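Residue numbers (full-length UniProt numbering): 1 to 535.
A virtual CB, placed ideally from N, CA and C, is assigned to each residue, including glycine.
All values derive from a computational prediction rather than experimental measurement.
Okay, so here's the structure we're looking at.
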């Protein structure tokens, strides 16, 4: 430091000390993993040799990716790092301890959930084994499962079986959902940790200024502690059998930098080439501004030509895009087009903060059905079976699902490939209610030669379905197929008429159209004839 002070006293050598905040972030290209950050420092300088020193410049950049470019009447002579500081040593230790404790808590919670999962799966296997015995699909007397007072009789078994089996299914699904959430949080903590213990140093830049003028210095580097994940808004319209998918990026960064006034470019490395940071001027010339892209879309410019030009560009190392749809031979084709977006000055980007980018959307025809299992809290199913396939692969990410304009839930969308059905499970829908009416059973004796030998039982199971949504819905109600436990029993399913496939699956299914704001009833009827002792 003393040597630099001596130099500064000797004209024309000048030393200027700055904080890194004097060079604000002006542009960021965010990839799915990492980002290229550009800081800009501008000042009017006198002729001479200038030593610019940016204090406490946090070195987040990867390897030797630091690049400096000078604009104006000046020539870059040197770029170097000053000895690393230990200012963050104490905070680094605290952060590391907290992070290790958080990881330990998450792993402990994950272990508990895995234990619950194993319990539920084991219990389901046990109940399924009981069910196979009762249905006569295995050898051995059915009475074997009634030992030790576990079940009083066959009806007691059915009553307990139905409630326990459905409860375990609900527990199993809820545990799987919780486990998926924990795994996602663990992934975020392990792979996207804030760099609180990163290296801190000063960056020294030596300039040879030829004439008095404004000099602009662009400092560019690649940072690991940033990225983006895809998000989707999926609007389901049951009446029109359409699903509209809006695609946008959720940007996350842990660099500790202020990106509020920066221009953000969301980019994809395809193919994954090394980034030539000195070629930024060529990229700026090739990249089409966001406003220009949108203006061309309004004027009907050819999207295919723009996509072709983007694909053939020699600077594919950092290719930004929006998703755009054009109809071509009655198929949906998705094109990637370069774009930039300017953040509002007040917009805050940081940990878990999202940036909504203006992107296109595409539509697919879809068939919808709800499957609701009565007397459970497992909720509804929505299955969107794509009819009009598209040529674009959706990346894995979080999807916000809206049904007929009402927010339904969030689901984690896996990699959905072209020519595949798009199937999503939704949480319980508060606007669709299933009310179980009391079961009815009418018993009549059947007299034989020696008195009352058999009985005939008429069973009626009825459900009320209320639809408080704005549009009609199609509901499929599933109930277990009644079972017989002895050879001298006879079962007749009266309504609905069941196919062999339905009876083999173990469930009867009825589908009913329920208009908006209306309650409809669904009834299941069957008749059982069996020995008098069963009553």
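For residue j and residue i, believed in contact at Cβ under 8 Å, the rounded distance
{"i": "residue 510", "j": "residue 402", "result": "At roughly 27 Å, the Cβ-Cβ gap does not stay under 8 Å, so residue 510 and residue 402 are not in contact."}
{"i": "residue 529", "j": "residue 489", "result": "7 Å"}
{"i": "residue 114", "j": "residue 179", "result": "7 Å"}
{"i": "residue 539", "j": "residue 54", "result": "Beyond the ends of the chain as shown, which are 1 and 535, falls residue 539; an answer cannot be given."}
{"i": "residue 172", "j": "residue 121", "result": "7 Å"}
{"i": "residue 209", "j": "residue 50", "result": "6 Å"}
{"i": "residue 127", "j": "residue 164", "result": "6 Å"}
Residues near residue i in its chain [Cβ-Cβ closer than 6 Å; skip 5 each side]
{"i": "residue 560", "result": "A question about residue 560 goes unanswered here, because the residues of the chain that appear run from 1 up to 535."}
{"i": "residue 458", "result": "442 and 527"}
{"i": "residue 213", "result": "72 and 73"}
{"i": "residue 520", "result": "465, 512 and 514"}
{"i": "residue 257", "result": "25"}
{"i": "residue 215", "result": "45, 72 and 74"}
{"i": "residue 294", "result": "In this prediction, residue 294 has a pLDDT of 33, which is less than 50 and means its spatial position is unreliable; what the coordinates show is noted afterwards. If we look at residue 294 and ignore the five residues flanking it on each side, it has no Cβ neighbours."}
{"i": "residue 522", "result": "463, 477, 510 and 512"}
{"i": "residue 271", "result": "With a pLDDT of 32 at residue 271, under the threshold of 50, the predicted position of this residue should be treated as unreliable, though the coordinate-derived value follows. Nothing meets the Cβ criterion."}
{"i": "residue 36", "result": "29 and 222"}
{"i": "residue 285", "result": "Low per-residue confidence applies at residue 285: pLDDT is 33, beneath 50, and the placement is therefore not dependable enough to give any value."}
{"i": "residue 311", "result": "With a pLDDT of 31 at residue 311, under the threshold of 50, the modelled position of this residue cannot be trusted; read the value that follows with caution. If we look at residue 311 and ignore the five residues flanking it on each side, it has no Cβ neighbours."}
{"i": "residue 438", "result": "none"}
Own chain residues within Cβ distance below 8 Å of residue i, not counting five before or after
{"i": "residue 536", "result": "Since the displayed the chain opens at 1 and closes at 535, residue 536 lies outside it and no answer follows."}
{"i": "residue 278", "result": "Any answer about residue 278 is weak, because its pLDDT of 30 lies below 50 and its placement is not dependable; what the coordinates show is given next. Once the five neighbours on either side are set aside, the close Cβ partners of residue 278 are 67 and 69."}
{"i": "residue 77", "result": "49, 206, 207 and 208"}
{"i": "residue 107", "result": "186"}
{"i": "residue 504", "result": "none"}
{"i": "residue 123", "result": "164 and 168"}
is_contact[residue i, chain D] using C-beta, thresh 8 Å
{"i": "residue 172", "result": "Although the question refers to chain D, the structure presented lacks it and comprises just one protein chain."}
Pair within 8 Å by beta-carbon distance, residue i and residue j
{"i": "residue 228", "j": "residue 32", "result": "yes"}
{"i": "residue 207", "j": "residue 52", "result": "yes"}
{"i": "residue 34", "j": "residue 262", "result": "no"}
{"i": "residue 30", "j": "residue 264", "result": "yes"}
Chain-order list of residues whose beta-carbon lies under 7 Å from that of residue i (same chain, five-residue window excluded)
{"i": "residue 211", "result": "47 and 73"}
{"i": "residue 518", "result": "467"}
{"i": "residue 506", "result": "480 and 481"}
{"i": "residue 516", "result": "467, 469, 470, 471 and 472"}
{"i": "residue 440", "result": "460"}
{"i": "residue 109", "result": "182"}
{"i": "residue 80", "result": "204"}
{"i": "residue 491", "result": "482, 484, 526 and 528"}
{"i": "residue 112", "result": "none"}
Query raised in the report: Using 8 Å as the threshold, is the segment 19 to 39 in touch with the segment 176 to 185, meaning 3 or more CB pairs across them?
Result: no
Query - Whole runs of the alpha helix (DSSP H) within the segment 443 to 514, excluding any shorter than 4 residues - result: 500 to 505
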